[in-house]
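My numbering applies: residue 27 is where the sequence shown begins, and numbers increase by one. Where is the CB? At the ideal position from N, CA and C, for every residue including glycine. Nothing here was measured: the structure is a model prediction, and the numbers come from that model. Down below is the structure, laid out as structure tokens.
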Amino acid sequence: MGVFIAVAAILILMNAMFFYLLKGAAKRLAGFSKQNMLHEANIYDELLENKDLELKALIKKLETEKARLAELEAAASAPGAGGASRPGSTNVFALLRGRYMDKDFTEGYQALRNGFGVDKAGAVETVRRAERREAAREISGENAARALLESVPLETRYRLALLERDEALEVLLSAVTDGSAGSAAKRELVEGYMKNEPGDVIDFFNYLEYRAFADSPELVVRTGNPEEDARSYGQGVVTQYDPDVCEGIYVIAGGRMHDFSIKSREIGG
Numbered sequence: 027m028g029v030f031i032a033v034a035a036i037l038i039l040m041n042a043m044f045f046y047l048l049k050g051a052a053k054r055l056a057g058f059s060k061q062n063m064l065h066e067a068n069i070y071d072e073l074l075e076n077k078d079l080e081l082k083a084l085i086k087k088l089e090t091e092k093a094r095l096a097e098l099e100a101a102a103s104a105p106g107a108g109g110a111s112r113p114g115s116t117n118v119f120a121l122l123r124g125r126y127m128d129k130d131f132t133e134g135y136q137a138l139r140n141g142f143g144v145d146k147a148g149a150v151e152t153v154r155r156a157e158r159r160e161a162a163r164e165i166s167g168e169n170a171a172r173a174l175l176e177s178v179p180l181e182t183r184y185r186l187a188l189l190e191r192d193e194a195l196e197v198l199l200s201a202v203t204d205g206s207a208g209s210a211a212k213r214e215l216v217e218g219y220m221k222n223e224p225g226d227v228i229d230f231f232n233y234l235e236y237r238a239f240a241d242s243p244e245l246v247v248r249t250g251n252p253e254e255d256a257r258s259y260g261q262g263v264v265t266q267y268d269p270d271v272c273e274g275i276y277v278i279a280g281g282r283m284h285d286f287s288i289k290s291r292e293i294g295g
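Shown next as structure tokens:
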């Protein structure tokens with residue numbers, strides 16, 4: 027019985043000590059929270075005070091500038107300072123000195139236009155003849171790439187993609203080596219890709235799309251005139267507006283650019 031009473035007394039004492047410690051911790055935590063809140067409030071007050079000072083300085087600066095502009099307006103409307111005063115508000119900013127356009131620019135630009143004088147239609151015809159000679163001299167990849175793309179449907183392409191790279195390209199190579207018209211150019215495309223490019227068969231068909239686009243016989247005329255009429259250059263020509271072109275044109279054909287233009291960056295300094 028005595029042992030039970032002793033144990034009960036110890037438990038009561040431990041609970042009392044735990045409650046006392048917990049109460050003290052709660053008081054200290056409340057004190058820390060209050061102190062932190064006061065610190066944050068002081069920082070906020072300082073920020074408000076700084077913003078108020080900045081606002082007052084800005085208002086003072088605006089009032090000073092307003093008074094200066096009023097003086098300029100009064101001076102502009104005074105007798106002998108530019109004629110009789112006119113009713114209504116005056117644009118005081120027109121009285122301030124500023125940087126103006128070079129007066130010789132328009133004359134120089136007109137001389138440039140007169141001296142440059144590109145025959146646009148003639149330039150396009152020159153490019154067209156050059157591209158014809160280029161196509162006759164080299165093997166054109168456009169027909170082969172386009173024909174190869176049209177002969178292999180999407181379903182077959184994805185089936186080839188399930189094979190290993192070299193195996194898929196070998197299957198494709200054997201399919202194009204049939205002795206038909208254009209088979210030599212197709213074989214050259216496949217063999218060149220197998221030798222020089224690391225991509226898989228899907229990358230190969232993306233490469234064909236690029237070749238068909240880059241080697242297209244269509245001529246693209248880039249011009250600084252947004253209303254340029256493509257029909258003035260004949261068939262197989264599209265026009266694109268380029269704000270960087272000041273005079274002349276440049277023509278994109280066969281993956282090459284033929285420049286007959288002067289760009290704004292070349293005369294802008």
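Quick one: Cα of residue i to Cα of residue j, how far?
{"i": "L215", "j": "P179", "result": "18 Å"}
{"i": "G225", "j": "E235", "result": "14 Å"}
{"i": "G260", "j": "A149", "result": "12 Å"}
{"i": "V247", "j": "R237", "result": "20 Å"}
{"i": "L37", "j": "L55", "result": "27 Å"}
{"i": "K77", "j": "A42", "result": "53 Å"}
{"i": "N222", "j": "S258", "result": "42 Å"}
{"i": "D192", "j": "S209", "result": "20 Å"}
{"i": "N251", "j": "D285", "result": "16 Å"}
{"i": "L47", "j": "A35", "result": "18 Å"}
{"i": "F45", "j": "L39", "result": "10 Å"}
{"i": "Q61", "j": "L88", "result": "41 Å"}
{"i": "L81", "j": "A51", "result": "45 Å"}
{"i": "A67", "j": "S59", "result": "12 Å"}
{"i": "V271", "j": "R172", "result": "32 Å"}
{"i": "L64", "j": "I85", "result": "31 Å"}
{"i": "K53", "j": "E75", "result": "33 Å"}
{"i": "V144", "j": "A156", "result": "18 Å"}
{"i": "G57", "j": "L79", "result": "33 Å"}
{"i": "R282", "j": "Y184", "result": "32 Å"}
Please list, in chain order, all residues of the same chain as residue i whose beta carbon is under 6 Å from its beta carbon, the five residues on each side excluded.
{"i": "K212", "result": "A170, L174 and V202"}
{"i": "V118", "result": "Because V118 carries a pLDDT of 46, less than 50, the predicted location of this residue cannot be relied on, and the following value inherits that uncertainty. Around V118: L95, L98 and E99."}
{"i": "E254", "result": "T265"}
{"i": "A256", "result": "V263, V264 and T265"}
Would you call residue i buried or exposed, if buried means 16 or more other Cβ atoms sit within 10 Å of its Cβ?
{"i": "S302", "result": "With the chain covering only 27 through 295, there is no way to say anything about residue 302."}
{"i": "E190", "result": "exposed"}
{"i": "V33", "result": "exposed"}
{"i": "L186", "result": "buried"}
{"i": "V29", "result": "exposed"}
{"i": "A101", "result": "exposed"}
{"i": "D219", "result": "Residue 219 is actually Tyr in this sequence, not Asp. Classification for Y219: buried."}
{"i": "E273", "result": "buried"}
Can you find the residues in the same chain that come closer than 7 Å, C-beta to C-beta, to residue i, ignoring five residues on each side of it along the sequence?
{"i": "L245", "result": "V150, V153, R154, G262, V263, V277 and A279"}
{"i": "G124", "result": "Residue placement at G124 is flagged as unreliable, the pLDDT there being 49, under the threshold of 50; the coordinate-derived value follows with that caveat. Cβ within range, chain order: n/a, list empty."}
{"i": "D268", "result": "R248, T249 and G250"}
Could you tell me how far apart the beta carbons of residue i and residue j are, in whole angstroms, since I believe they sit closer than 8 Å?
{"i": "L188", "j": "F230", "result": "Not quite, the Cβ-Cβ distance comes to about 14 Å (not below 8 Å), so this is no contact."}
{"i": "E217", "j": "L199", "result": "7 Å"}
{"i": "K146", "j": "I228", "result": "Not a contact, Cβ separation roughly 41 Å."}
Chain D beta carbons: is any one of them nearer than 8 Å to that of residue i?
{"i": "A256", "result": "Among the chains of the structure shown, chain D does not appear; only one protein chain is present."}
Kindly list the residues whose CB is nearer than 8 Å to the CB of residue i, restricted to its own chain and excluding five residues on each side of it in sequence; keep chain order.
{"i": "V197", "result": "L186 and L189"}
{"i": "Y70", "result": "none"}
{"i": "K289", "result": "D270, V271 and C272"}
{"i": "Y233", "result": "Y219, E223 and G225"}
Ranges of the alpha helix (DSSP H) found wholly within the segment 187-217, counting only runs of at least 4
191-202
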